[in-house]
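Participant:
There are 2 protein chains.
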Amino acid sequence: MKFTRWMVAAFALISMGTAADAQTKWENLFNGKNLRGWTKLNGEAEYRVEDGAIVGISKMNTPNTFLATKKQYGDFILEFEFKIDEGLNSGVQFRSLSDKDYQDGRVHGYQFEIDPSKRAWTGGIYDEARSGWRYSLADAASRKAFKPGEWNKARVEAIGSRIRTWVNGVPCANLLDDQTASGFIALQVHAIGDAKQEGKQVCWRNIRIATEGLEQEVYPETESAEEVNHLPNILSEKEKKEGWKLLWDGKTSDGWRGARLDKFPDKGWVMEDGILKVKKSDGRESANGGDIVTIKRYRNFMLKVDFRLTKGANSGVKYFVNTDLNKGGEGSSIGCEFQILDDLRHPDAKLGVKGNRRLGSLYDLIPAPEDKPYREGFNTALVIVKGNHVEHWLNGVKLLEYERNNQMWTALVNYSKYKVWPNFGNAEWGNILLQDHGDEVWYQNIKIKELP
Amino acid sequence: MKFTRWMVAAFALISMGTAADAQTKWENLFNGKNLRGWTKLNGEAEYRVEDGAIVGISKMNTPNTFLATKKQYGDFILEFEFKIDEGLNSGVQFRSLSDKDYQDGRVHGYQFEIDPSKRAWTGGIYDEARSGWRYSLADAASRKAFKPGEWNKARVEAIGSRIRTWVNGVPCANLLDDQTASGFIALQVHAIGDAKQEGKQVCWRNIRIATEGLEQEVYPETESAEEVNHLPNILSEKEKKEGWKLLWDGKTSDGWRGARLDKFPDKGWVMEDGILKVKKSDGRESANGGDIVTIKRYRNFMLKVDFRLTKGANSGVKYFVNTDLNKGGEGSSIGCEFQILDDLRHPDAKLGVKGNRRLGSLYDLIPAPEDKPYREGFNTALVIVKGNHVEHWLNGVKLLEYERNNQMWTALVNYSKYKVWPNFGNAEWGNILLQDHGDEVWYQNIKIKELP
Numbered sequence: 007m008k009f010t011r012w013m014v015a016a017f018a019l020i021s022m023g024t025a026a027d028a029q030t031k032w033e034n035l036f037n038g039k040n041l042r043g044w045t046k047l048n049g050e051a052e053y054r055v056e057d058g059a060i061v062g063i064s065k066m067n068t069p070n071t072f073l074a075t076k077k078q079y080g081d082f083i084l085e086f087e088f089k090i091d092e093g094l095n096s097g098v099q100f101r102s103l104s105d106k107d108y109q110d111g112r113v114h115g116y117q118f119e120i121d122p123s124k125r126a127w128t129g130g131i132y133d134e135a136r137s138g139w140r141y142s143l144a145d146a147a148s149r150k151a152f153k154p155g156e157w158n159k160a161r162v163e164a165i166g167s168r169i170r171t172w173v174n175g176v177p178c179a180n181l182l183d184d185q186t187a188s189g190f191i192a193l194q195v196h197a198i199g200d201a202k203q204e205g206k207q208v209c210w211r212n213i214r215i216a217t218e219g220l221e222q223e224v225y226p227e228t229e230s231a232e233e234v235n236h237l238p239n240i241l242s243e244k245e246k247k248e249g250w251k252l253l254w255d256g257k258t259s260d261g262w263r264g265a266r267l268d269k270f271p272d273k274g275w276v277m278e279d280g281i282l283k284v285k286k287s288d289g290r291e292s293a294n295g296g297d298i299v300t301i302k303r304y305r306n307f308m309l310k311v312d313f314r315l316t317k318g319a320n321s322g323v324k325y326f327v328n329t330d331l332n333k334g335g336e337g338s339s340i341g342c343e344f345q346i347l348d349d350l351r352h353p354d355a356k357l358g359v360k361g362n363r364r365l366g367s368l369y370d371l372i373p374a375p376e377d378k379p380y381r382e383g384f385n386t387a388l389v390i391v392k393g394n395h396v397e398h399w400l401n402g403v404k405l406l407e408y409e410r411n412n413q414m415w416t417a418l419v420n421y422s423k424y425k426v427w428p429n430f431g432n433a434e435w436g437n438i439l440l441q442d443h444g445d446e447v448w449y450q451n452i453k454i455k456e457l458p
Numbered sequence: 007m008k009f010t011r012w013m014v015a016a017f018a019l020i021s022m023g024t025a026a027d028a029q030t031k032w033e034n035l036f037n038g039k040n041l042r043g044w045t046k047l048n049g050e051a052e053y054r055v056e057d058g059a060i061v062g063i064s065k066m067n068t069p070n071t072f073l074a075t076k077k078q079y080g081d082f083i084l085e086f087e088f089k090i091d092e093g094l095n096s097g098v099q100f101r102s103l104s105d106k107d108y109q110d111g112r113v114h115g116y117q118f119e120i121d122p123s124k125r126a127w128t129g130g131i132y133d134e135a136r137s138g139w140r141y142s143l144a145d146a147a148s149r150k151a152f153k154p155g156e157w158n159k160a161r162v163e164a165i166g167s168r169i170r171t172w173v174n175g176v177p178c179a180n181l182l183d184d185q186t187a188s189g190f191i192a193l194q195v196h197a198i199g200d201a202k203q204e205g206k207q208v209c210w211r212n213i214r215i216a217t218e219g220l221e222q223e224v225y226p227e228t229e230s231a232e233e234v235n236h237l238p239n240i241l242s243e244k245e246k247k248e249g250w251k252l253l254w255d256g257k258t259s260d261g262w263r264g265a266r267l268d269k270f271p272d273k274g275w276v277m278e279d280g281i282l283k284v285k286k287s288d289g290r291e292s293a294n295g296g297d298i299v300t301i302k303r304y305r306n307f308m309l310k311v312d313f314r315l316t317k318g319a320n321s322g323v324k325y326f327v328n329t330d331l332n333k334g335g336e337g338s339s340i341g342c343e344f345q346i347l348d349d350l351r352h353p354d355a356k357l358g359v360k361g362n363r364r365l366g367s368l369y370d371l372i373p374a375p376e377d378k379p380y381r382e383g384f385n386t387a388l389v390i391v392k393g394n395h396v397e398h399w400l401n402g403v404k405l406l407e408y409e410r411n412n413q414m415w416t417a418l419v420n421y422s423k424y425k426v427w428p429n430f431g432n433a434e435w436g437n438i439l440l441q442d443h444g445d446e447v448w449y450q451n452i453k454i455k456e457l458p
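Residue numbers (our numbering), protein chains in the order written: chain L, 7 to 458; chain H, 7 to 458.
1. How many Å lie between A18(H) and K244(H) at the Cα?
2. In chain order, what residues of the same chain lie with their CB nearer than 6 Å to the CB of D91(H), ignoring the 5 residues before and after it?
3. On a CA-only basis, which of D377(L), Y79(L), L331(L) and L406(L) is nearest L371(L)? Give me that one, please.
4. Helix, strand or coil for L418(H)? Go by DSSP, reduced to three states.
5. Indicate whether at least one CB of chain L lies closer than 9 Å to the CB of P373(H).
6. By DSSP, does V61(L) sit in helix, in strand, or in coil?
7. Counting only beta-carbon separations shorter than 9 Å, does V359(L) have a partner in chain H?
8. Taking 9 Å as the threshold (C-beta atoms), are V396(L) and L439(L) in contact?
9. Which residues, taken in chain order from the stretch 106-122 of chain H, show a beta carbon closer than 9 Å to some beta carbon of chain L?
10. Going by C-alpha to C-alpha distance, which of E291(L), V359(L), R381(L) and Y116(L) sits closest to N401(L)?
11. Quick test of your reading: R266(L) and K333(L), contact by CB under 8 Å. State the CB separation rounded to the nearest angstrom.
12. Could you pull the DSSP bridge partners for G115(L) from this structure?
13. Quick one: does E407(H) have its CB under 9 Å from some CB of chain L?
14. When we look at the beta-carbon of V5(L) and count the other beta-carbons within 10 Å, is it buried (16 or more) or exposed?
15. Name the chain H residues that come within less than 7 Å of A417(L), Cβ to Cβ?
16. Quick check on S422(L) - is its C-beta less than 9 Å from some C-beta in chain H?
17. Does K425(H) come within less than 9 Å of chain L when only Cβ atoms are used?
18. Compare the C-beta of N394(H) with all C-beta atoms of chain L and state if any pair is closer than 9 Å.
19. Determine the direct distance from the alpha carbon of K404(L) to that of N412(H), and round the result to whole angstroms.
20. Got a sec, what are the start and stop residues for the alpha helix (DSSP H) S4(L) sits in?
21. Looking at the structure shown, is V176(H) part of a helix, part of a strand, or coil, going by DSSP?
22. Let's see if you can read the secondary structure: which residues bound the beta strand (DSSP E) around E397(L)?
23. Is there at least one Cβ from chain H nearer than 9 Å to A15(L)'s Cβ?
24. Could you tell me the boundaries of the beta strand (DSSP E) in which E343(H) lies?
25. Taking only three categories from DSSP, how would you classify Y325(L)?
26. Which word fits V447(H), buried or exposed, when buried means at least 16 other C-beta atoms lie within 10 angstroms of its C-beta?
27. Reducing DSSP to helix, strand and coil, say where A197(L) ends up.
28. Please state if the CB of F72(H) and the CB of S104(H) are separated by a distance shorter than 9 Å.
29. Would a C-beta distance cut-off of 9 Å place E233(L) and G444(L) closer than the cut-off?
30. Is there a Cβ of chain L sitting closer than 9 Å to that of N429(H), yes or no?
31. I'd like the span of the beta strand (DSSP E) that includes E50(H), first residue to last.
32. So with Cβ pairs under 9 Å, would you call N432(H) a contact of chain L?
33. Do the stretch 50-68 of chain H and the stretch 165-184 of chain H meet, that is, are 3 or more Cβ pairs less than 8 Å apart?
34. Does the beta-carbon distance from S287(L) to D442(L) come in below 9 Å?
35. If you run the structure through DSSP and keep just helix, strand and coil, what is V426(L)?
36. Is N34(L) buried or exposed, if buried means 16 or more other CB atoms sit within 10 Å of its CB?
In structure tokens form, the structure reads like this:
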């Protein structure tokens, strides 16, 4: 059968009708009287029912305690009210798990953060006992949404891989993440280390969830909570619309070659589970598989690269690379380098001048600040090039900026190890390079957005 | 007798009346028929009278030849027409002299330049056989005023120390200079080095001069020819109006002190004939009289300093100086330095990194270009500071510019010998310093204009 235009149109009408007809069914997770349907996990903190609310009471010498639904939920819209005493931390788990196989039943998974501290990340998303912060709140408006000492209204939409939160109607998190598709809801009483906090309370009430007819209930898209995309090597619709492109497809070497080769290196680099790994060899520069570069060259762009260091590792992301320079010589290809380094363990962190060979630095030229938001696991490097203006960012924080093609730039280069390369760093365009420095480093989510 | 206020006022009225009444009297310097009133000096080029014009004819193997008036002129307005063959150079001397005592009678003094070459400085002022260019033409409009191969109209106003020129009605030079108050007028046939130019002609006609009733004949002031002030340690009215101030009064140490002293040094510095001289000692840094600094400190400014090097000399002009730094140590006070150096002869010119210790460089940080308009005799250094933006100029040409208080600046400083001084070059203000490096260097016309 061949679809005709009118058939497609009719189909669309039918689907719309179906969607519009599906009733949103809200289910109360808490009956207002007792804890039927809930079960306590991990810790020993107490949960009581008082005045139609679940009250969690903080307790010393017990790990985080969770009051979890017995049922599992996949796609849903969850709403609840909460109130928390000053000095505590709490949260509401969703799509969360407790398996014997994982840390002996430790509750892990997404958490709607409740954070009455000065940091004020209530509504952010923390990945409990797994990958840590997935969505922190930088935005002033969302950080002000939480009202200390009062009842607050929370909303979580978890539909497919898109997870969004609201606090008192203010959009907070807007996350794309597909680690877990389904799991329980759980109310956290956080462990405490200070006896003064013992007996303090966090309360929840009017906890309701919808799992059907979600389309009509979904809140409209908003610009005020910026999307964070944690889907591995997949662009979001928004990223596509904004002009982002994957520099690496997550599977093949398409678009890449060895910096000194016409093809991708036979050894030294592997692609597995959506991760591009430069393998450990002997720690020398470009001596195993060698650096790899994009086949295409770039002029003005935003380049995002997620990287994960192994202990003591050295690598780097270079731009304005000219693979014709140093083609026959030893060592890496020539270009400006966003240094990737385990500052704590690699000796290069102590060489150079005032830290200009540490993580995030413009290698051998401009140091990144010592105090920077590096974390275990994956980090996001961002390089922005707009003509002569260049910026290095790490995990959303600007580390440094500089202007090239001027006298100060030349004066600085002439002091550095790049002085032997004429006109270093002043190229209009160049390849993007990932460095093989003989240490294992993982890369993923390599994305570029070309700028005018 | 003591002048009273009304007497001064009456005097002024009488002078004004006299000036207004005085008739401008034009005198023809050339009678159109023969060379009566003129005399040939120095060279052997031929001057003829043809069709009511004086014709000078270029000749090999003779120095510059001059046809000079027998009479001397002080304040005057001079007009003439001229026409010149391509390939020649010429000019009209005024307030010029030929004395046995000076280079055996060599004609010297101001010259209205006639320059049909591509440089096109016709109307500029050259100080023949004395100090060279006093007013070159940078301005496009004045350089286009001369018409090659045609009769051109010239005008020179020399009244007091102000000397102005016009070519075909276009303002060219606007000079303040008081080297000579009076002398002859003379028509130059320039020496030639190329036999192909022999026999080429330069012609003058309608040469007239006014020496009385000049006030009413003077052309209005114009912005199009920028004033150049060569009066030693004297501000022009225009400079005063623009906010320039003398940093050195030409005679005393007022406003200055030793960089490590509460008073002016007892030795090492002398003031004579309007020149501030740092004396020769042993070539060491600040080891004789020591550096001197302004008592006042400056934030945003234009600083002009005329300097004259002796052979192999080293000195410097520093700004953002903090005399509390390095107060007890050896060597110079700490600040950003406009390097003053005899690049040809002082060893420091070959040290540092790619010329960053040569004349005009930001010492040890940013090199001035190798090709720069340095000349024997006095040169003018200009430093412009506008917040974090700083420029070094030499003789009207920008050598370098930089931005301080940013990451590139810090990275550059950290590579240089200034790395030991915390926050080097980032001060909001500082003293101005002249460096004693144990070599004789002359300074004059030290002027500053503070900027908002």
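Even glycine gets a Cβ: it sits at the ideal position worked out from N, Cα and C.
Treat the numbers as computed from the prediction; the structure is a model and nothing was measured.
Facilitator: Inspection of the coordinates gives the following:
1. Residue placement at A18(H) cannot be trusted, given a pLDDT of 45 that sits under 50; what the coordinates show is reported in the next sentence. Taking C-alpha positions only, A18(H) is separated from K244(H) by approximately 22 Å.
2. If we look at D91(H) and ignore the five residues flanking it on each side, its Cβ neighbours are K206 and Q207.
3. Taking only the C-alpha atoms, the option nearest L371(L) is L406(L).
4. Looking at L418(H) - three-state DSSP - the assignment turns out to be helix.
5. So yes, P373(H) belongs to the interface.
6. Note: V61(L) maps to strand in three-state DSSP.
7. Cβ-Cβ to chain H under 9 Å: yes for V359(L).
8. Taking 9 Å as the Cβ cut-off, L439(L) and V396(L) do not qualify as a contacting pair.
9. Only those residues of the stretch 106-122 of chain H whose C-beta falls short of 9 Å from the nearest C-beta of chain L would be listed, and there are none.
10. The residue with the shortest Cα to Cα distance from N401(L) is R381(L).
11. Approximately 6 Å separates the beta-carbon atoms of R266(L) and K333(L); this is inside 8 Å, confirming the contact.
12. Beta-bridge pairing links G115(L) to E134(L).
13. By this cut-off, E407(H) is an interface position.
14. Because chain L in this structure spans residues 7 to 458, residue 5(L) falls outside the shown range and cannot be described.
15. When 7 Å is used as the limit between beta carbons, A417(L) is near these residues of chain H: N362, L371, I372, P373 and L418, in chain order.
16. Interface residue, yes.
17. Taking 9 Å as the threshold, the shortest C-beta distance from K425(H) to chain L falls below it.
18. False, the Cβ-Cβ gap to chain L never drops below 9 Å.
19. Taking the straight line from one Cα to the other gives about 13 Å.
20. Residue 4(L) is absent from the model: chain L starts at 7 and stops at 458.
21. Looking at V176(H) - three-state DSSP - the assignment turns out to be strand.
22. Its beta strand (DSSP E) spans residues H395 to L400.
23. For A15(L), the predicted structure reports a pLDDT of 46, less than 50, and the residue's modelled location is therefore unreliable. A value from the coordinates is still provided. Taking Cβ atoms only, chain H never reaches closer than 9 Å to A15(L), which makes this a no.
24. Following the DSSP letters along the chain, one finds E343(H) inside the beta strand (DSSP E) bounded by residues I340 to L347.
25. Assigned with DSSP and collapsed to three states, Y325(L) falls in strand.
26. For V447(H), the number of other beta carbons within 10 angstroms of its own is at least 16, and it is reported as buried.
27. DSSP places A197(L) in coil when its eight states are reduced to three.
28. Yes, the pair counts as a contact, with Cβ atoms nearer than the cut-off.
29. Not in contact: E233(L) and G444(L) (Cβ atoms no closer than 9 Å).
30. With 9 Å as the cut-off, N429(H) does not count as an interface residue toward chain L.
31. For E50(H), no beta strand (DSSP E) run applies, since DSSP gives it neither H nor E.
32. Contact with chain L is absent for N432(H), since none of that chain's Cβ atoms lies less than 9 Å from the residue's Cβ.
33. Touching, no.
34. Yes.
35. DSSP places V426(L) in the helix class (H, G or I) of the three-state scheme.
36. Burial state of N34(L) is exposed, judged by a 10 Å Cβ sphere holding fewer than 16 other Cβ atoms.
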